[in-house]
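Data block below; observations after.
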Amino acid sequence: MTSTVAVVGAGPVGLLLAGDLRTHGVPTVVLEQRSAPMAESRASTLHTRTMELLEERGVLDRIGPLPDGGPGHFGGLRLDLTAADPTHRHAGQWKCPQTRLEAVLQERAGELGAVVRRGRRVVALRDRGTDVLVETVGTDGRRERLTCAYVVGCDGGDSTVRRLAGFEFAGRDARREMLRADVAGLDIPERRFERHPRGLATAHRWPDGSTRVMVHLFGTTPTPRTGPPRYDEVVTAWSQVTGEDIGHGEPLWLNAFDDTRRQATRYRRGRVLLAGDAAHVQMPVGGQALNLGLQDAAELGARLASSDLNAYDRTRRPVGTRTLTDIQAQSYLLLGGHEVEPLRRLFAELLEFDPVRRHLARRISRPAPPRPHPTAETTPKDRSSAMGRLTHKTALVTGSSRGIGRAVARRLAEEGALVAVHYATDEDAARKTVESIERDGGRAFPVRAELGVPGDVHELFLGVEHGLKERTGEAALDIVVNNAGVTTPAGVLPEDVTPEELDRLFAVNAKAPFFVVQRALPLLREGGRIINISSGLTRFASPDQVGYAMTKGAIEQLSLHFARHLAPRGITVNSVAPGITNNGSPLFDIPEAVEQMAQLSAFKRVGEAVDVADVVTFLASSEARWITGAFIDASGGTLLG
Ligand code: NAP
Ligand code: P7Q
């Protein structure tokens, strides 16, 4: 059996990893689609932790002395990075052109015995469980197959490996863009993140006399691009922001970057792993993308050599999430217009405090995974304070003042989602749901709307949109749980059901969920989740609930057909069918009744609301991305007969 590791991408991340794998004796092949190393230098800043890693590997000695990168910044506010650890030999930041770093890392990888194959593009991957088959095409069009133990995608933000291996890359597209250029023949004054009424401008003179200009016009959204910006775009923006004309300069390099934020929801799938920009894309501010990637590579080399692969995901993904969040905060401070001025002033004030400077400087200089507060209260309930599976997600759970809905709202919030707790009449109960979520460190807000009456869904979404905008700045939804429901009162025979009663059942249990889904469509983000609560009674005959069961049959159809409709947007739609579940109603206080109901389940107990909530939470997670249009029996085996 092969033990070769194929590293895809010969950038700094792939080359550092290849060298490290060789120091552990792992046979390593680097596959790179470019025939020659890149000539342009994208990133140039090295931070303290990266300097240590390079020093440990003898790479710093090979590179030679590096110029000091000066003080750093946080969202354009000056932040001296030496504050992280003032006495450290690599305190601060250092400048090294990416081309130089790559050349040295390639030399090292080669000397250690890694085979670097340029001009080979990966076109297919097949994880066969015991090995991975990688197919490449050379510049001459010839195909080759390689069998290896693992494949690592270090192939950048547009990673082919990530796509071929089916990783989910969650996040959001760009909202702001910055233009930059290296220009010869300019004598404009130097400035760092200078804020003007219409935008932001930076000018930095390189040792060769050329000038790096960067410019952003406040409030403008990114232009769709297939290549670099034209120089006249830079000239126009520069003049609009600063009033200076740079039209006479000679552009040497043109580039646009933006604040896209995406991260793989796992860094490992079977025998395929991701590192660097392939695992996370972020605004390239302060060189953090390169540093984060090199630190991924260092961790992965050791983990691959010891076959402790899940530890790689466990340690590096939270670091990535935290860094991406910090970078997003920086992008708001940096590229926001006048509306962020109060926040910038407050931030600048906070940055005068030593502990604040040290805290933020450490987050950049040596990013570490977030740790839950080491208090005695760190129980499983505190999951939301650490990184949950649903952090940054938003959810609407109808009928979550009580019963199953309340348990669902609580579980989603525990995983980090912001939850709209919907109810019809029981305001007290809804408030209790919200309070219990907040006590456990989660986020939620109540929304009132009676369903099954004219204007119901409109009223519901007024509240949902308002609550979300207030808390997140936008009305986007990731998870919708249609849970609210009514039943036929016990003891009503099919013969006695009135048209009005049947209408009411359909209005609340079937019609309202349909229009909730329809109304949610424009708000649902890519990768969204719709979960409809059905009932085991669609598979288990109980004549006095025939009307109710018919409405649940209808909601299952809602799941089936919308699943197909919404799949192109990566949205899944599923039905969860509980059996008899303790919803806190007085019936469940009568031991004899509970004992009798328990006999229906294969496990001889009634369901608890959290039994169902756990199933719903799983379907809401990214791990359930491959389940759609499904009927999930959550009845503890009641349907097994
Ligand atoms: P529950 O305890 O009776 O709570 C019902 C929830 O729905 C409450 O939050 C209620 O809000 C809300 N609601 C009811 N009618 C509404 C209306 N017209 N408009 C808006 N909201 C309304 O419910 P549950 O037993 O947990 O059941 C939840 C879901 O699971 C239902 O769809 C039910 O069919 C299904 N299910 C339950 C069981 C079970 O044994 N419990 C079994 C299988 C399926 P307010 O009270 O605040 O007005
Ligand atoms: O028995 C159910 C049942 C019931 C009820 O009887 C009365 C209640 C709790 O007011 C409404 C209700 C909703 C249900 O979804 C179920 C149910 O799913 C169920 C029952 C008995 C045996 C099997 C069941 O699902 C598999």
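Numbering (the working numbering), first residue to last: 51 to 691. We treat Cβ as the ideally placed atom computed from N, Cα and C, and that holds for glycine.
Taken from the Cβ of E500, at least one heavy atom of the ligand NAP lies inside 7 Å. Considered as a whole, the segment 457-518 harbours 477-489 as its complete alpha helix (DSSP H) runs of no fewer than 4 residues, in chain order. The three-state secondary structure of I377, taken from DSSP, is helix. Checking the DSSP bridge columns, you'll see F681 partnered with S625.
In this structure, V202 lies near A325, with their beta-carbon atoms less than 8 Å apart. Judged by DSSP secondary structure, P121 falls outside any alpha helix (DSSP H); it is assigned neither H nor E. Here H508 is exposed. Its C-beta has fewer than 16 other C-beta atoms within 10 Å. Taking a cut-off of 8 Å on C-beta distances, the segment 296-309 touches the segment 230-240, as three or more cross pairs fall below it. Residue range 562-570 is occupied by the alpha helix (DSSP H) that includes P563. As far as DSSP is concerned, N360 takes part in no beta bridge. Boundaries of the beta strand (DSSP E) around M228: 227-234.
Shortest Cα-Cα distance from Q607 to any of R461, R311, S585 involves S585. Taking a 10 Å sphere around the C-beta of G108, we find fewer than 16 other C-beta atoms and assign the residue as exposed. Short of 8 Å from the beta carbon of D404, and not among the five residues preceding or following it, lie these beta carbons of its own chain, in chain order: A133. The ligand P7Q has no heavy atom closer than 7 Å to the beta-carbon of A652. Counting the other Cβ atoms within 10 Å of the Cβ of D309 gives 16 or more, which makes it buried. Each residue's CA atom was taken as its position, placing E551 and A557 some 10 Å apart. Contact check between the segment 568-585 and the segment 618-631: three or more CB pairs, one atom from each, fall below 8 Å, which counts as touching. A86 sits exposed, since fewer than 16 C-beta atoms from the chains shown fall within 10 Å of its C-beta. Distance check between V331 and each of G216, S209, R321 places S209 closest, using alpha-carbon atoms only.
Judged by beta-carbon spacing, V211 lies beyond the 8 Å limit of V173, meaning their Cβ atoms are not closer than that value. Not one heavy atom of the ligand P7Q lies closer than 7 Å to the C-beta of S357. Taking every protein chain shown into account, the CB of G686 has 16 or more other CB atoms within 10 angstroms, so this residue is buried. P115 carries a coil assignment under DSSP once its states are collapsed to helix, strand and coil.
Residue state for P301 is assigned as strand, using DSSP reduced to three classes. Bridge partners of C198 according to DSSP: V182. In this structure, V291 has its beta carbon at no less than 7 Å from each heavy atom of the ligand NAP.
Sequence-distant Cβ neighbours of A463 in its own chain, meaning closer than 6 Å and more than five residues away, are V469, I487, G492, A494.
Taking a C-beta distance under 8 Å as the contact criterion, L196 and T186 qualify as a contact pair. The segment 93-106 makes contact with the segment 338-353, as at least three CB pairs between them are under 8 Å. Counting only the Cα atoms, E391 lies some 34 Å from L344.
In this structure S381 touches V335 by the C-beta definition: roughly 7 Å separates them, less than 8 Å.
In the three-state DSSP reduction, E82 falls in the strand class (E or B). For P496, the distance from the CB to the nearest heavy atom of the ligand NAP is not below 7 Å. In this structure, the C-beta of A534 approaches the ligand NAP to less than 7 Å from one of its heavy atoms. Counted as a single uninterrupted DSSP element, the alpha helix (DSSP H) harbouring R408 occupies residues 404-415.
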